[in-house]
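Going by the working numbering, the sequence shown opens with residue 18, and the numbers climb by one from there. No residue lacks a Cβ here, since even glycine has one placed at the ideal position from N, Cα and C.
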Amino acid sequence: MLAVYNTVDSRIVKTDKLEEKGSWINMINPTEEEIALVGKATQIEDYFIKDVLDDEERPRIETENNQILVIINVPIIQNATVIYETIPLGIILTDRHIVTVCLQDVDVLRDFVNGKVRGMETYKKTRFLFQILYKSATLYLTLLREIEKKTNEIELALHRSMKNKELIRLLNLQKSLVYFTTSLKSNEKVMEKMLRTKGLKIYEEDQDLLEDVIIENKQAVEMAETYSNISSSMMDAFASIISNNLNMVMKFLASITIILALPTMLASFFGMNVKIPLQTSEYGFAIVVGMSVILCFGGIMFLTKKDMF
């Protein structure tokens, strides 16, 4: 998908003029024809766009022919499985345009498309870049708080019952935190390199915004690491609890086996084809049953003292 936007009277307006100066070109999983069309209109190299379409592409900043490619990882939610993941988002700055490229429609850009971001001007390319980075960092923080709430819900559920479903949910959240931590640290390196990139014009009025971006990203990194450590500790704790519960069950079953073996052993003695006591007594069977009950009761008392029940 290909969409072109421009700022008119401080409002974001959709247009079809690719060549217009100061336009924002938003590409979502573009076709070869759309890549060629944008390349012709903006003089952007094809590989600048195609690199971003690799979902394993690492965050980086690259400059060539007065064009700057910034790739960051932005968070997404897989609704089918409610798993938080990251995906590359490319931002390309040229003399006349700013181009964003992504494999799918992401929440980071949605507010820009809907004109909900204050102070957004498509022709202020550097500021627009920083606004996208800031939006990405704040979205990470929002989703990290959601993950924290879901982790607490799972913890309460696991206190009531150790179900595989809840443990799998916790494992998925832990994986999401690993993705977030790795992506945020990679984004942080891109921002640090951005300060040293000569081709990127950082205006004085945008300096505060860049500082806010770096602060928000560092806060997100710290939060992701904290939640990841907590999640790992929870997984270890629940693994120990499950192992302990299994040991208790095995101990109980072993005790039951011992108790049931006592009357079986006694009955085996009296079932031998030799002369045995009480074989002529009319109360022999009752006495044997009574002895079995006494043995079982004694075994239960002994094992209870040994904390086997």
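Our two residues, Q95 and V125, have alpha carbons roughly 15 Å apart in a direct line. When the beta-carbon positions are compared, L86 and I109 come within less than 7 Å of each other.
In the DSSP assignment, E163 falls outside any beta strand (DSSP E) and within the unbroken alpha helix (DSSP H) covering 142 to 177. Counting of Cβ neighbours within 10 angstroms places H114 among the buried residues, the total reaching 16 or more. Taking 7 Å as the cut-off, the Cβ atoms of R186 and I171 count as close. Ranked by how close their Cα comes to the Cα of I247, the residues K167, K182, A303 have K167 in first place. For N261, there is no enclosing beta strand (DSSP E); the enclosing alpha helix (DSSP H) covers residues 221 to 287.
The shortest CA-to-CA distance from L227 to any of M252, P294, K152 is the one to K152.
When secondary structure is reduced to three states using DSSP, V21 falls in the strand class. Judged by their CB atoms, V91 and L106 are nearer to each other than the 7 Å cut-off.
With a 10 Å radius around the Cβ and a threshold of 16 neighbouring Cβ atoms, V123 comes out buried. Just so you know, the alpha carbons of V207 and I104 end up roughly 15 Å apart.
Close CB contacts of R144 within its chain, under the 6 Å cut and outside five residues either way in sequence, are with D223 (chain order). The shortest CA-to-CA distance from N234 to any of E299, S249, L201, G56 is the one to L201. Counting every other CB atom within 10 Å of its CB across the protein chains shown gives V238 a total of 16 or more, marking it as buried. Residue pairing by DSSP puts Y101 in a beta bridge opposite I94. For I42, no alpha helix (DSSP H) encloses it; the enclosing beta strand (DSSP E) starts and ends at 40 to 45. If you check the CB distance, S250 and L194 do not come in under 7 Å.
Annotated as distal: A154 and T198, with beta-carbon spacing of 7 Å or more. In the DSSP annotation of this structure, the continuous segment of the beta strand (DSSP E) that includes V30 starts and ends at 28 to 32. In the three-state DSSP reduction, Q191 falls in the helix class (H, G or I). Taking I276 as the centre and dropping the five residues before and after it, the same chain places the C-beta of C313, G316, I317, L320 closer than 8 Å to its C-beta, in chain order. Close CB contacts of I66 within its chain, under the 6 Å cut and outside five residues either way in sequence, are with I52, V118 (chain order). Under DSSP, L320 forms no beta bridge with any residue. In this structure, DSSP gives G136 a state outside helix and strand, which the three-state scheme calls coil. With contacts defined as CB atoms closer than 7 Å, D68 and E74 qualify as a contacting pair. A buried status is given to F129, since no fewer than 16 other beta-carbon atoms sit within 10 Å of its beta-carbon. When beta bridges are read from the DSSP output, G107 appears opposite I88, V118.
Excluding its 5 nearest sequence neighbours in each direction, D72 has C-beta neighbours in its own chain below 7 Å: I104, P105, L120, listed in chain order.
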